[in-house]
Amino acid sequence: MTTLESKVVAITGASSGIGRAIAHALRPLGARLVLNALADAELDSLREEFGADSAIVAGDIADARTGHDLLAASLDRFGRVDVLVNNAGIFRNGAVDAIDLDAMERMIAVNFTAVMRNSYLFARAMTARGSGHIVNLSSISATLTTPGCGVYAGTKRAVEGFSEALRIELAGTGVRVGVIAPGTTDTGLFDRVPGQPRSSNVAVRKLDPADLADAVRYMLERPGHANIPLLRLYSAEQRH
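Start counting at 1 in the sequence shown, then tack on 73, and there's your number in the numbering used here.
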């Protein structure tokens with residue numbers, strides 16, 4: 074088993090939901106955290122809770138500079154980076170005749186382009202050291218979507234395809250790549266999908282962000298010779 078003691082873990086979208094749950098799960102294990110969030114009220118809360126022994130990086134992950142800042146903060150504060158968790162994501166939907174294309178492009182930038190860019194950026198630093206782990210968050214929507222959600226589904230399927238190609242490319246370098254694809258999770262992301270009744274949007278019982286944090290921990294703690302390329306985690310009551 075790989076220990077997380079003193080491992081430097083960078084997490085995007087760490088101010089709330091799954092990202093914050095991951096930070097909560099890894100900190101007691103001795104991980105040293107580098108946390109990214111937008112500059113808002115949640116950022117102040119993040120600083121209060123984690124700031125003393127962690128690095129906090131404010132910025133929009135869709136901005137290329139934020140990924141560079143995240144890596145720089147890892148190296149400047151701790152001298153290396155061991156893990157990148159690309160967690161940040163947003164959801165937008167829209168019917169063909171009413172879709173907001175600017176909003177769709179924004180979603181692509183956050184959900185996929187930033188994941189791709191940061192994965193490459195951190196992979197270079199990790200391969201130089203001969204070790205590291207990149208974990209990218211996908212979604213049930215990568216394989217099962219609904220009308221009006223095609224772009225969101227496309228971003229998540231792109232994350233899975235990209236991550237598998239990167240995993241193969243980095244095989245043998247000491248850098249592992251994995252994807253976690255959750256079902257409906259209690260983050261509020263899908264609670265209200267315009268044009269659909271709430272009951273059709275969510276599972277009867279949703280996953281808790283802590284469930285996903287446990288999955289991330291499980292993936293990271295596998296021994297160095299083992300790699301989980303894709304882990305799908307759904308509520309036992311998830312029907313679609």
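Note that the Cβ used here is the ideal one computed from N, Cα and C, for glycine as well.
Here the structure is a predicted model, which means the values were calculated and not measured.
Assuming residue i and residue j form a contact by the criterion Cβ under 8 Å, report the distance between their Cβ atoms to the nearest whole angstrom.
| i | j | result |
| --- | --- | --- |
| S127 | N159 | The pair is not a contact, with the Cβ atoms about 18 Å apart (cut-off 8 Å). |
Leaving aside the five residues before and after residue i along the sequence, list all residues of the same chain whose C-beta is less than 6 Å from its C-beta, in chain order.
| i | result |
| --- | --- |
| T246 | T200 |
| G140 | R190, N191, L194 |
| A187 | I134, A135 |
| A131 | A112, L116 |
| A98 | A286, R290 |
| S236 | N209, V250, V252 |
Would residue i be called buried (16 or more neighbouring beta carbons within 10 Å of its own) or exposed?
| i | result |
| --- | --- |
| S225 | For the sequence presented, residue 225 should be read as Tyr rather than Ser. Classification for Y225: buried. |
| V257 | The sequence shown places Thr at residue 257, rather than the Val named in the question. So T257 ends up on the buried side. |
| L217 | exposed |
| G162 | buried |
| A299 | exposed |
| V169 | exposed |
| D149 | exposed |
Whose C-beta lies closer than 7 Å to the C-beta of residue i among residues of the same chain, with five residues either side of it excluded?
| i | result |
| --- | --- |
| M74 | E294, P296 |
| G124 | none |
| G103 | L77, E78, S79 |
Excluding the 5 residues flanking residue i on each side, which residues of the same chain have their C-beta closer than 8 Å to its C-beta?
| i | result |
| --- | --- |
| A165 | First, the residue type needs correcting, since residue 165 is Arg and not Ala in the sequence shown. D173, A176, M177, R179, M180, V224, Y225. |
Considering only residues of the stretch 140 to 205, which uninterrupted beta strand (DSSP E) runs meet the minimum length of 3 residues and lie entirely inside it, listed in chain order? Taken in chain order, the complete beta strand (DSSP E) segments of 3 or more residues contained in the stretch 140 to 205 are 156 to 159.
If we count Cβ pairs, one from each stretch, closer than 8 Å, do we get three or more for the stretch 205 to 221 versus the stretch 231 to 240? Between the stretch 205 to 221 and the stretch 231 to 240, the count of C-beta pairs closer than 8 Å reaches three or more; the two stretches touch.
With three or more C-beta pairs closer than 8 Å as the rule, is the stretch 280 to 293 touching the stretch 90 to 103? Contact between the stretch 90 to 103 and the stretch 280 to 293 is present, because at least three Cβ pairs lie under 8 Å.
Examine the Cβ distances between the stretch 75 to 83 and the stretch 140 to 151 and report whether three or more of them are shorter than 8 Å. Yes, the stretch 75 to 83 touches the stretch 140 to 151.
Decide if the stretch 102 to 120 is in contact with the stretch 172 to 184; the criterion is three or more beta carbon pairs, one per stretch, under 8 Å apart. Because the criterion of three Cβ pairs below 8 Å is not met, the stretch 102 to 120 and the stretch 172 to 184 do not touch.
What alpha helix (DSSP H) runs, 4 residues minimum, are completely inside the stretch 78 to 132? Along the length of the stretch 78 to 132, whole alpha helix (DSSP H) runs at least 4 residues long occupy 90 to 99, 114 to 123, reported in chain order.
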